[in-house]
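In the working numbering, the protein residues as written are 9 to 87.
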């Protein structure tokens, strides 16, 4: 899916394992990789990072690279 509402519809019907990319899942899954999988990688609504005075919100679809490229407060800046 490319929209959050589409993913939620699939999740409600199929009860899948939800992944963002799935690299780690594929490497070690073996016989445990059974049933439907829902990849949320292309859902733009989950790729947001917001910073305000009280909180930093990181969407489930944000990659490590995207996170490291952002100007984040001390303690979250990778340094």
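Glycine included, each C-beta is placed from N, C-alpha and C at the ideal position. Model, not experiment: these values are computed from the prediction.
Residue span of the beta strand (DSSP E) that contains residue 25, given as start and end: Locating residue 25 in the chain shown gives position 17, counting from the first residue. First-last of the beta strand (DSSP E) with residue 25: 25-27.
Where residue 46 falls, given that 16 or more other Cβ within 10 Å makes a residue buried: What you label residue 46 is simply residue 38 of the chain shown in a count that begins at 1. Burial call: buried.
Backbone CA spacing between residue 73 and residue 55 [nearest angstrom]: As a first step, residue 73 must be located in the chain shown, where it is residue number 65. As a first step, residue 55 must be located in the chain shown, where it is residue number 47. Approximately 12 Å, taken between the alpha carbons.
Endpoints, beta strand (DSSP E) assigned at residue 60: Along the chain shown, read from residue 1 onward, the residue named residue 60 stands at position 52. Note, residue 60: premise wrong, no beta strand (DSSP E); not H, not E.
Span of the alpha helix (DSSP H), counted from its first residue to its last, around residue 18: Against the chain shown, residue 18 aligns to sequence position 10. Here the alpha helix (DSSP H) through residue 18 covers 12-22.
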